[in-house]
């Protein structure tokens, strides 16, 4: 939901309307706090919900206690994400990197203290999670109030103005991302019903882990192109935005090709990082070529998603994700996975081509300029 700030703060900064950045940040914070309150029942009643979904009772009880203990961390995100997007829109990412690095180091220390020294177990892990979450959020707030005087003018009643339009854009942003994340979760669930589910889920999970490693690079590129596009559109320079997109696509495609070549060259070896099972290694090797192709195709998608966020076209991408993942991808994967010998290979690749083609079409609105 905080992705709405990438659109509005980025375009406001590009247009020189720096006074509005703080207002947008406060508005997003209010919406995210309300969203956290709406999500509270999922955390509070997670035990019966997990049992209803068929989870083992002992695991459900443990997960339920952990869910209750990390409620404070959830509310920290309502501060963390708006302040993060506020700084990103102004290209002040160095401070975010330092805050993240220091938080990571301290988090390891606190985890060791709570779990190994104090013997608090899972409760200690939850406490460390809460402390780290609020530490990052408060550090960003301190930096904004102390070193962003041009864009932070203090609390304002304007945060409550036009809030419903902001809610619509926030919801569209959430739907866009959730449809993508939930799809991969659905794939894991469906894969568990194939023949030899342990091998199928294990090999697919290893491939998705590697894809996730590459994806971390593209998350950064996604944020960068989102800021660049929103800034350029805000300043009335759609041609510069198009050029930025072209350069970023070439850069991402180069990274994707390098990743593909590494996967192909090590197709019989990289699974050793995750498992000692020879059978599992063979299953991963069988998926290696599909994983390699997926890495190339997925190198473009985050860039296009970043462009959509920068231009304020989250609703369009939400429909694209719905079409490609759930109307095309899942039915094809379900049919071929259960009615042919392809199995998990279909489920790992069925939505990729259609999704990237439709995402490419979302570049067309760039010529229209700034989102209002």
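In the UniProt record's numbering, the protein residues as written are 1 to 372.
The beta carbon of each residue, even a glycine, is placed where N, CA and C say it ideally should be.
Provide the residue span of the alpha helix (DSSP H) that contains residue i, from first to last.
i           : result
residue 71  : 71-89
residue 281 : 278-297
residue 248 : 238-265
residue 120 : Taken as a continuous stretch (DSSP letters only), residue 120 belongs to no alpha helix (DSSP H), as it is neither H nor E.
residue 208 : 197-234
residue 94  : 94-111
residue 314 : 314-321
residue 37  : 19-44
residue 301 : 301-311
residue 9   : 3-14
In or out: residue i buried (at least 16 other Cβ within 10 Å) or exposed?
i           : result
residue 114 : buried
residue 168 : exposed
residue 80  : buried
residue 117 : exposed
residue 213 : exposed
residue 91  : exposed
residue 140 : buried
residue 85  : buried
residue 222 : buried
residue 178 : exposed
residue 216 : exposed
Rounded to whole angstroms, what is the Cα-Cα separation between residue i and residue j?
i           : j           : result
residue 363 : residue 230 : Here residue 363 scores only 46 on pLDDT, less than 50, and its place in the model is too uncertain to base an answer on.
residue 244 : residue 236 : 14 Å
residue 15  : residue 238 : 13 Å
residue 39  : residue 261 : 42 Å
residue 64  : residue 54  : 14 Å
residue 98  : residue 135 : 13 Å
residue 220 : residue 77  : 19 Å
residue 404 : residue 175 : Because the chain spans 1 through 372 in this model, residue 404 falls outside it and cannot be assessed.
residue 158 : residue 312 : 21 Å
residue 127 : residue 110 : 9 Å
residue 296 : residue 289 : 11 Å
residue 391 : residue 154 : Not covered by the structure: residue 391. The range shown for the chain is 1 to 372.
residue 120 : residue 103 : 21 Å
Since residue i and residue j are thought to touch, with beta carbons under 8 Å apart, how far apart are those beta carbons, to the nearest angstrom?
i           : j          : result
residue 399 : residue 25 : Past the edges of the chain, shown from 1 to 372, lies residue 399, and the structure says nothing about it.
residue 130 : residue 70 : 6 Å
For a test of your reading of the model: does the CB of residue i fall under 8 Å from any non-hydrogen atom of the ligand HEM? Yes or no.
i          : result
residue 69 : For the structure depicted, the ligand HEM is absent and the ligand set is empty, with no information on it obtainable.
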